[in-house]
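Q: Sharing a structure here in structure tokens format.
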Amino acid sequence: MWRRYVDIWPLLPLLLLSGTDGVRPAVAAQRPAAVPSQLIVPAAGSYRLPVIQQGPRGMVLDSDGRDRPLERYTTGRVTLLNFMYTYCSDPTACPALLSTLNGLRERLLNTPAMARRVQFASISFDPVNDTPEAMRFYGGALGSAGQPLRWHFLTSRSVEKLQPILDDLGQSTSVQLDAQGKPTRLYYHQVKLFLLDRQGRVREIYSPAFLQPELIYRDIQTLLLETDTVQAADSRRRY
Numbered sequence: 001m002w003r004r005y006v007d008i009w010p011l012l013p014l015l016l017l018s019g020t021d022g023v024r025p026a027v028a029a030q031r032p033a034a035v036p037s038q039l040i041v042p043a044a045g046s047y048r049l050p051v052i053q054q055g056p057r058g059m060v061l062d063s064d065g066r067d068r069p070l071e072r073y074t075t076g077r078v079t080l081l082n083f084m085y086t087y088c089s090d091p092t093a094c095p096a097l098l099s100t101l102n103g104l105r106e107r108l109l110n111t112p113a114m115a116r117r118v119q120f121a122s123i124s125f126d127p128v129n130d131t132p133e134a135m136r137f138y139g140g141a142l143g144s145a146g147q148p149l150r151w152h153f154l155t156s157r158s159v160e161k162l163q164p165i166l167d168d169l170g171q172s173t174s175v176q177l178d179a180q181g182k183p184t185r186l187y188y189h190q191v192k193l194f195l196l197d198r199q200g201r202v203r204e205i206y207s208p209a210f211l212q213p214e215l216i217y218r219d220i221q222t223l224l225l226e227t228d229t230v231q232a233a234d235s236r237r238r239y
């Protein structure tokens, strides 16, 4: 993030406690207060986003309960990938990230040609309680296949299937224990948003202090311009 970081208030804590008993549709999330910051956001294409790492691999369940390779949802388009759980109620955690994504979605849909080149993927931390049906309810209209910008709400068949994906991205999470040492439904987890290119490579990782819609939007534009430049060069070589 150094390329455009000028000054910012102290970073928010990365480990955030979230949880409630009820699943709420994603569209019902409240908009959190903005993170105070001063960021210079340069023009799209005036900077480069280096490859951080290859994208994660593994199997996930779509909202219809079908086993799918994760790469199905992280390649072919520029992708914003995040982890969440449906009953998270901490306004600084999953709802804050969801609000940022929903705002970006609305802006991208104003330019359908751009929206068709972008997708979102939200994967649950909790495959036990967040069944495909719960994820489908949570996503609601946001997960509609008829939208130019697809938003995939995914879960896993088991914690064992999910853990390698989390480990690959350095996404830490843990279950809170009660006074008797028994696991609860509450999760401690880092809030992160991953930006992947069309090849499924991680090009940026946003912490809470950098969940700035304009910043993320410019990064998406930058990756799309990069793709256009590469495709134009390939076309010239062919002819």
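Residue numbers for the sequence shown follow UniProt numbering, beginning at 1 and rising by one. We treat Cβ as the ideally placed atom computed from N, Cα and C, and that holds for glycine.
1. Any idea which residues DSSP pairs residue 70 with across the strands?
2. Do residue 199 and residue 75 have their CB atoms nearer than 9 Å?
3. Alpha carbon to alpha carbon, how far is residue 140 from residue 203? Give it in angstroms, no decimals.
4. Spatial neighbours of residue 73 within its chain, please: CB distance less than 6 Å, with the 5 preceding and 5 following residues excluded, ordered by chain position.
5. Determine, using beta carbons only, whether residue 119 and residue 98 come nearer to each other than 9 Å.
6. Under three-state DSSP, which class holds residue 47?
7. Measure the Cβ-Cβ separation of residue 190 and residue 171 and say whether it is below 9 Å.
8. Please name the residue in 233, 86, 43 and 193 whose C-alpha comes closest to that of residue 138.
9. Quick check for students: name the residue ranges of the alpha helix (DSSP H) that lie wholly in the region 78-118, counting only runs of 4 or more.
10. Between which two residues does the beta strand (DSSP E) containing residue 201 stretch?
11. Does residue 206 pass the burial test, meaning 16 or more other C-beta atoms within 10 Å, or should it be called exposed?
12. Quick one: Cα of residue 89 to Cα of residue 169, how far?
13. With C-beta atoms as the reference, is residue 164 less than 9 Å away from residue 61?
14. Please classify residue 145 as buried or exposed, where buried requires at least 16 other C-beta atoms within 10 Å of its C-beta.
15. Let me make sure I understand the geometry here. Which of 109, 84, 226 and 93 has the alpha-carbon closest to that of residue 127?
16. Roughly how far, in whole angstroms, is the beta-carbon of residue 80 from the beta-carbon of residue 212, given that I think they are within contact range, below 8 Å?
17. Out of 210, 194, 209 and 229, which one is the CA nearest neighbour of residue 52?
18. Look at the alpha carbon of residue 114 and the alpha carbon of residue 64, and state the distance between them as a whole number of angstroms.
19. State the DSSP-derived secondary structure class of residue 150, mapped to helix, strand or coil.
20. With a threshold of 6 Å on Cβ separation, who are the neighbours of residue 223 within its own chain once the five nearest residues in sequence on each side are excluded?
21. Among the candidates 56, 159, 218 and 48, whose CA atom is the shortest distance from the CA of residue 41?
22. Nearest-angstrom Cα distance between residue 58 and residue 155?
A: Looking at the atomic coordinates:
1. Residue pairing of residue 70 in beta bridges, as defined by DSSP: absent, with no partner found.
2. The Cβ atoms of residue 199 and residue 75 sit closer than 9 Å to each other.
3. Taking the CA atoms as reference points, residue 203 sits about 29 Å from residue 140.
4. In its chain, beyond the 5 residues on either side, 121 and 152 have a beta carbon closer than 6 Å to the beta carbon of residue 73.
5. Against a cut-off of 9 Å, the Cβ pair of residue 98 and residue 119 comes out as no contact.
6. Looking at residue 47 - three-state DSSP - the assignment turns out to be coil, as it is neither helix nor strand.
7. Contact flag set, yes.
8. Distance check between residue 138 and each of 233, 86, 43 and 193 places 86 closest, using alpha-carbon atoms only.
9. Within the region 78-118, the complete alpha helix (DSSP H) runs of at least 4 residues are 94-109 and 112-115.
10. Here the beta strand (DSSP E) through residue 201 covers 201-206.
11. Its Cβ being crowded by 16 or more others within 10 Å, residue 206 is buried.
12. Cα to Cα, the separation comes out at about 24 Å.
13. Not in contact: residue 164 and residue 61 (Cβ atoms no closer than 9 Å).
14. With fewer than 16 neighbouring CB atoms inside 10 Å of its own CB, residue 145 falls in the exposed class.
15. Of the listed residues, the one whose Cα sits closest to residue 127 is 84.
16. Going by Cβ atoms, the distance from residue 80 to residue 212 rounds to 13 Å, so no, they are not a contact pair.
17. Across the set 210, 194, 209 and 229, the C-alpha of 194 shows the shortest separation from the C-alpha of residue 52.
18. Going by the C-alpha atoms only, they are around 27 Å apart.
19. In this structure, residue 150 counts as strand in the three-state DSSP scheme.
20. So the qualifying residues of the chain are 78 and 197.
21. Distance from the Cα of residue 41 is smallest, within the candidate group 56, 159, 218 and 48, for 218.
22. Pairing residue 58 with residue 155, the inter-Cα distance amounts to about 12 Å.
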